[in-house]
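Everything on this sheet refers to the single structure shown next.
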Amino acid sequence: KPLSPYAASKQGAEALCYTYHYLYGIDITVLRYFTVYGPAGRPDMSPFRFVQWVAEGREVTIFGDGRQSRDFTYVDDIARGTVKALKPLGYEIINLGESQTVELDRLIELLEQAMGVKAEINRQPAQPGDVPITFANIEKAQRLLGYNPQVKIEDGIPRFIEWFRQQNA
């Protein structure tokens, strides 16, 4: 019972993929990515937005109390896992994540440290349908793909900031 349009679209897509696998024997592996960040990342994701706002001297808007946790996964780990998932597996749904949660307030601290700037925080009420925590159980990815994330957030954030600065120099 998904609580957001995003979750409903994921569930619907997975059901459609299974139907095609069942009816037509198509090999399909659905990868569930967990909060991907890093170079050339999606500009609508929180790490990218936060870095951009801090770099521009704007407030960082946080919805909720900042204790909500996400499984932030560095893009290089996602890329490695995606390539490993290209082999035929029948029909599988596999989580690709760091398998470690980080609170948003901790993410802000890491960004501040890497950027050498104190962020101005604008706290807003939590948004409807937002979940307090996301966490990737990667046991299946480890077993079927040999997936093992390499980049911890403490290392990934400075790499991301370096890339961001080069792009915006």
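Take any residue in the sequence shown, note its place counting from 1, add 293, and you have its number in this note's numbering. Glycine is no exception: its CB is placed at the ideal position from the N, C-alpha and C atoms.
Under the three-state reduction of DSSP, LEU400 is assigned to helix.
In chain order, GLN361 place their CB closer than 6 Å to the CB of PRO425, counting only its own chain and leaving out the 5 sequence neighbours on each side. Cβ-Cβ distances below 6 Å link GLN435 to nothing in the same chain once the five nearest sequence neighbours on each side are left out. Every alpha helix (DSSP H) of 4 residues or more that sits fully in the stretch 322-373 is shown, in chain order, as 339-348.
The Cβ atoms of PRO340 and PHE453 sit closer than 8 Å to each other. In this structure the stretch 365-378 does not touch the stretch 403-423; the number of beta carbon pairs closer than 8 Å is below three.
The Cβ atoms of THR322 and ALA372 lie no closer than 8 Å to each other. For a cut-off of 8 Å, the C-beta gap from ILE414 to ARG325 is around 30 Å, too long to register as a contact. Contact annotation: THR354 and GLN417 have beta-carbon atoms nearer than 8 Å. Distance from the Cα of GLY318 is smallest, within the candidate group SER297, GLU307, GLN459 and TYR384, for TYR384. Taking the CA atoms as reference points, GLU352 sits about 23 Å from GLU447. Inclusion of PRO442 and GLU391 in the CB contact set at 8 Å is warranted, their separation being smaller than that value.
With a threshold of 16 other beta carbon atoms within 10 Å, GLY374 meets it and is buried. DSSP places VAL395 within a strand segment (E or B) once states are collapsed to three.
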